[in-house]
Every structure is written in structure tokens, then in C-alpha cells.
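Everything on this sheet refers to the single structure shown next.
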Amino acid sequence: MAVSAGFMAPHPPLIIPEIGKGEQNKIKETVKAYHQAAREIAVLKPETIILISPHNVMYRDYFHIRPEKKLAGDFAQFRAGQVSMEAVCDTDFIKELCEEGKKTGKPWGIQGGGARKLDHGTMVPLYFINQYYQDYKLVSVGLSGLPLSEHYRLGQAIRRTAEVLERKTVIVASGDLSHYLKETGPYGYRKEGPEYDHAVMEVMEKADFGRLLEFPEEFCSKAGECGHRSFTIMAGALDGLQVQPERLSYQGPFGVGYGICTYHVTGKDPKRRFLDQYLQEKRKDDPYVALARNSLECYINTGRHLPIPEDIPREMRDCRAGAFVSIHKSGQLRGCIGTIGPVYENIAREIIENAISAGTRDPRFHPIRPDELPDLTYHVDILGTPERITSIHELDVKKYGVIVSQGRKRGLLLPDLDGVDTPEQQVAIAMQKAGIPIDSQEVTLERFQVIRHE
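Residue numbers (this note's numbering): -3 to 450.
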């Protein structure tokens, strides 16, 4: 196999003795595991090492691949400038990988800029590898703010490049786990920290890579993880391959999680095409969500409005109600359009039309492109009948949405939205959306409930 193995590796600078000055002895299991992983790489004798680092140059919508012929760096920023290294880069591999990106319109290449030196997320793994093996060329890869599926696709492209060049390749996914494991740690404690570390180590020790794609963006953010996208790129490079996973260590005594796992390729396995499975599973949505998704995809791909399907639930065909369709990408809103009351003949048509509008006519966003469609998530809110209220104290932001009216101006805000914690906030946002002055007293308030489908 061109890709012969993958390695999940942390990058705590203090693991370097000249930096840790004894503190590295508190993570002896991690040190021991790192040496074992490095020895395994030496046995494999790879021609190319792909090293993926969260601390490499990073862009919101682009993966930067370092274009240099040679890279060098040291640990001067950690007061250990005497520890330095350099690596010759595999320029043929870089060129081939970037050519595929150009041909397929994928967002990776050498057009970024920034750092001139190797980052510590790259150097810590190399520090151990170089003690046992140096006859390799390096490809230095950064992350992006794009969805996990795009990180996985980059990994798939790395694998194809290795196969085209017949290059014996090893993938090293550099990344720490949560930074919020302990109150006494440098970043403090959040409950999502230990939850994330437990979940991701369970995934990684079993090489159950499909589950990496299912981690919610919000959860990962709250957990303060560092390496999830690195691991996902590695998973893509191992797509369709049978691997022998081994968990070597996990520690977190300083409040940051460090995990090391190895994956030696033993053959091919079409059942392990995890991105394909993930995308297929997304299509088994709640029928309301599926209709929104299919409506927008039909319109963007063909220009046609989707006919109402025959197999939808009866209430979608027989009932009328207002409906809002919200579309998200990477946890961020990408479009939201809806109707306060019924406009069309039934709920199904309400969803179809509002899904198209949310994806192509929300004035806050550019229309959704065809290449974005696989990475979108949809929420559909079916609105109940609004009831007039006389006081803001009759609102509950989790239970009720609000409609604020003044003359012909009317603003609506759905219930249970992230970042909206009080009725005062809820009303203020609805007034802003309606163009009603925030200090205006002459307004009408209505509340409503929704049935949310997601």
C-alpha cells in the first residue's frame, strides 16, 4: 500500500527535555509511547511523511500546503533555541496534490503565506521521529475552517497522490485533545473537556473514523480541542483501508489531553469508506428536514422546484402552517427564511419554497453553491398559532418565539436559539429585524410555539 500507516500524536512542547526541565517526567507514558511510535515509523522506512499540524498556516476556507524545498525550525519561542531541525520537502508530492486540487476545484494548494519556520505542532513529532529515522521527505499540511468533510476529502486526495506517485507514505496527525480538563490547568475546566477526550479516544482506539465526522462543531469548540481536524485528514487518507489500530497512551495531568494511537494498514476494506456512509446517512433525515434538503438540492442542481413527494406524512400534505427553514454550515448560519403564517396550500409546499429562499435569497448571504450542498445541515420549524401577550414576562426564550409589531413593521425570532438567553434579548433582536426603534414603547407582542425538526 502506498499509505502504509497513520499516527495520532500530541505536541506538548514540554515533552522536549530542554523545555520541560523535568516536567516531561509527569507524562512518562506519553514519552514512552512517542518513542514506540517513532520506532515503528523507522521500521516502515517511508519515503514521505505527511505531517498535519493545527499550528501550521491556517485559513478559514483554504488548506495551505507548505511549498518550500526545505523547512527548518527551532524551539526558541519556548526558550530552547538550541533544539532545532530541518527537513527536505517532497516537492513532487506537493505538486501532484496541488494539481488535483486545481483540477477538482478543491480548496487546497500553496497560495497561502505566513510562517517561515516549522511550527511546534510539526516539530514535536519530528523531534521523536528524527531520533530513529531521517531518510524521508516532508509534506507539511495545515488545517482550515472548512467542514470536517472537506478535511476528510483532503486526506483522500493525499492517499490518491501517494498511489499515483507510488510513494511509500506515512501520515502523522499532530494534535492535542481538550484544553479544559482541570480547574488547575492553564485553561481551566469545562465539562465538555473530559467528555470530548473520552469520546474521541474511544473512536481513535477502535479506528472507528466515521464517528469523527459526527462530532458537532459546537461541542468541539466548547471542549477546546486542538487535533480533531488533523485526525479527520488522517482518517481520509486511510479511507477504504483495513488498519490495525493500537492505543499506546492517553494522559492529561496538566489539563490538556495527550493521546497516541497507531494504525498500520493491512489491506483494503470497502466497508470503511466512511465519508460515503456519512453522506448517505444524512439523507435518512426526518421527513421535514429531508424535504427541505431535497428541495434546495433540486433547485440548485436543476433550476426546478421539487414536486411534492407522494410518500410524505399526511399532515404535511393536509395541514397549513407557517414554516421556517434554517441552513447551517460548519455550525454557522448559512441562510434562514420563513413565513409567520401559511402562504401556500400545505406545509410541504411551505417547506419547499422556504428552503429554496433560505438557500438562494437570504440577503445576508451569497447564494449557496452546488459544492456546498453535502456539508449543509437543515432545521425546519413549524409555527403554531401566535397568541397576543401584554407583557414581556409572559415569554420563555426556550419555549416561545416572539413576534413584535408596530404598524406595518413586523419582526420574528424563533425560540431556543444559541446566544439568546433572556426575553429582553429576544424582543430586542425581533425589533431590530423589524426596523423598530429599540426604545419604542408602542409595540404589539405575540408569542408562539414551534415543532422543530432537525
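For each residue, glycine too, the CB sits at the ideal point set by N, CA and C. This one's a predicted model, so the numbers in the text were calculated from it and none came from an experiment.
query                                                                                                          : result
C-alpha gap between Pro382 and Asp371, whole angstroms                                                         : 33 Å
Reference His324, options Arg289, Val166, His51, Ile154, closest by Cα                                         : Arg289
contact_flag[the stretch 178 to 185, the stretch 62 to 75] where n(CB pairs < 8 Å) is 3 or more                : no
Other residues of its chain near Leu10: CB distance less than 7 Å, five sequence neighbours each side excluded : Gly16, Glu19, Gln20
Residue range of the beta strand (DSSP E) that includes Phe444                                                 : 440 to 444
Proximal residues to Cys315 (C-beta, below 7 Å), its chain only, five neighbours per side dropped              : Asn342, Ile343
Alpha carbon of Lys99 to alpha carbon of Ala430, nearest angstrom                                              : 45 Å
Of the listed residues Lys133, Leu173, Pro103, nearest to Pro6 (C-alpha basis)                                 : Leu173
Alpha carbon of Tyr451 to alpha carbon of Ser353, nearest angstrom                                             : The shown model of the chain, from -3 to 450, leaves out residue 451, and the question about it has no answer.
Val423, enclosing beta strand (DSSP E) - first and last residue                                                : It is not in any beta strand (DSSP E) - Val423 instead sits in the alpha helix (DSSP H) that spans 419 to 430.
Reduced DSSP category for Phe59 - H, G, I as helix; E, B as strand; rest coil                                  : strand
Option in Thr373, Val446, Glu43 with minimal Cα separation from Ala158                                         : Glu43
Exposure of Thr386, with buried meaning 16 or more beta-carbon neighbours within 10 Å                          : exposed
Sequence-distant residues of the same chain with beta carbon closer than 6 Å to Phe444, five excluded per side : Leu379, Gly380, Pro382, Gly397
Exposure of Val423, with buried meaning 16 or more beta-carbon neighbours within 10 Å                          : buried
Same chain, Cβ closer than 6 Å to Val120, five either side skipped, listed in chain order                      : His7
Alpha-carbon spacing of Asp131 relative to Lys41, whole angstroms                                              : 8 Å
Residues near Phe361 in its chain [Cβ-Cβ closer than 7 Å; skip 5 each side]                                    : Arg330, Gly331
Sequence-distant residues of its chain with Cβ nearer than 7 Å to Asp70 (five each side left out)              : Gly77, Val79, Ser80
Whole-number beta carbon distance between Asp377 and Val446, since they are thought to touch under 8 Å         : 4 Å
Met(-3) - partner residues in DSSP beta bridges                                                                : DSSP, once it has assigned bridges, lists no residue as partnering Met(-3).
Under the three-state DSSP convention, the category Cys257 falls into                                          : strand
DSSP bridge partner residues for Ser245 (one or two, in chain order)                                           : Ile256
Three-way DSSP call (helix, strand, coil) for Gln183 in this model                                             : Sequence check: residue 183 is Tyr here, not Gln. Tyr183 falls in the coil class under three-state DSSP.
N- and C-terminal bounds of the beta strand (DSSP E) containing Lys66                                          : 66 to 71
Delimiting residues of the beta strand (DSSP E) encompassing Gly397                                            : 397 to 402
Contact under 7 Å by Cβ, Ala1 with His301                                                                      : no
For Arg243, the nearest candidate out of Lys264, Pro249, Val199 (CA to CA)                                     : Val199
Assumed close pair Glu221, Tyr192 - CB separation to whole angstroms, cut-off 8 Å                              : 6 Å
Secondary structure of Ser80, DSSP reduced to three states                                                     : strand
Strand pairing of Cys216, partner residues [DSSP]                                                              : Answer is none; Cys216 lacks a bridge partner.
Cβ pair Gly251, Met197 closer than 7 Å                                                                         : no
Alpha helix (DSSP H) runs contained entirely in the stretch 265 to 337, provided each spans 4 or more residues : 270 to 278, 283 to 298, 310 to 314
Alpha-carbon to alpha-carbon, Tyr58 and Leu142                                                                 : 7 Å
Presumed contact (8 Å Cβ cut-off) between Tyr148 and Gly236, rounded CB distance                               : Not really, about 12 Å apart at Cβ, beyond 8 Å.
Rounded Cβ spacing between Thr298 and Gly318 (contact assumed at less than 8 Å)                                : Wrong, their Cβ atoms sit about 27 Å apart, outside the cutoff.
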